[in-house]
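In the UniProt record's numbering, the protein residues as written are 1 to 180.
We put the CB at the ideal spot given by N, CA and C, even for glycine.
Since the model is a prediction, treat every value here as computed from it, not as a measurement.
Structure record follows, encoded as structure tokens.
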Amino acid sequence: MAGTTSSVYQARYGWDLRTTGVVAVCAVFTVLLLFSDMPLYARVLGLPLFGVGGLFMAYVALSGKVAFRVDETGVLLGGSPARYGTTTAHVRWGDITGVVLWRQATGRSSLTHVGVVRREGAPALPGDGPKARAILEHLVPVPADVAMTSRPVTGWHLDQERLMAAVTHFAPGLPVYDHR
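What follows is the structure, given as structure tokens:
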């Protein structure tokens, strides 16, 4: 059993460069809004946005919730930090035909995602539905099925070598596609 545990790949939400930057910017704007001569409308609009937004991002980083996990049972897709319990999904190895790394353009930059390709007929995941799929087909560079089973790599760090080692260990022969 000791070999199985060491082969598990798990990434948790925490402090990464993007999260640290967002929290720092929110803190600066919150301080400016509180201690400068800003108009009332700027404070009313800015404090909830920057104050609450910064606190939420800090909460996510400090929560340590699992963002992505590969183990002997399959792949755990950690949920959205705001609704973690209802958006977290587990996909069994028997339902997985591949693991996918892909990028989504976000303005002038892009955001890496990691997800799984599931066999046809696999049970639906939280948030899966015709409306969500129709929207995704126009927004992402991968099939809607893959987008539904993907998580953005933000607020946590992806170790591609360890991910691939875990997939190879628990699902030998399962392909890992890199579309970045």
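Span of the alpha helix (DSSP H) around residue i
| i | result |
| --- | --- |
| Arg43 | 40–46 |
| residue 247 | No answer is possible for residue 247: it lies beyond the span of the chain, which begins at 1 and ends at 180. |
| Thr168 | 160–170 |
| Arg133 | 130–139 |
Collapsed DSSP secondary structure at residue i in the structure displayed
| i | result |
| --- | --- |
| Val28 | helix |
| Thr88 | coil |
| Ala124 | coil |
| Pro152 | strand |
| Asp95 | helix |
| His157 | coil |
| Asp178 | strand |
| Thr73 | coil |
| Val22 | helix |
| Ser6 | helix |
| Leu33 | helix |
| Val146 | helix |
Residues of its chain near residue i, where Cβ-Cβ distance is below 7 Å and the 5 sequence neighbours each way are ignored
| i | result |
| --- | --- |
| Glu137 | Ala144 |
| Leu34 | none |
Cβ distance (whole Å) where residue i is taken to contact residue j below 8 Å
| i | j | result |
| --- | --- | --- |
| Tyr9 | Gly64 | So it is not a contact: roughly 16 Å between Cβ atoms. |
| Leu158 | Val114 | 6 Å |
| Ile96 | Val66 | That pair is no contact at about 18 Å. |
Beta-carbon spacing of residue i, residue j below 9 Å
| i | j | result |
| --- | --- | --- |
| Leu77 | Leu139 | no |
| residue 181 | Ala11 | Nothing can be reported for residue 181: it is not among the residues displayed for the chain, which extend from 1 to 180. |
| Val146 | Val117 | yes |
| Thr20 | Ala61 | yes |
Cβ shell of residue i (< 6 Å), same chain only, five flanking positions each side left out
| i | result |
| --- | --- |
| Val23 | Gly54, Met57, Ala58 |
| Val142 | Trp102 |
beta-carbon residue i near the ligand MG non-hydrogen atom, thresh 8 Å
| i | result |
| --- | --- |
| Pro48 | Ligands displayed in this structure: none; no statement on the ligand MG is therefore possible. |
Residue i: first and last residue of the uninterrupted beta strand (DSSP E) it sits in
| i | result |
| --- | --- |
| Arg118 | 109–118 |
| Arg12 | 9–12 |
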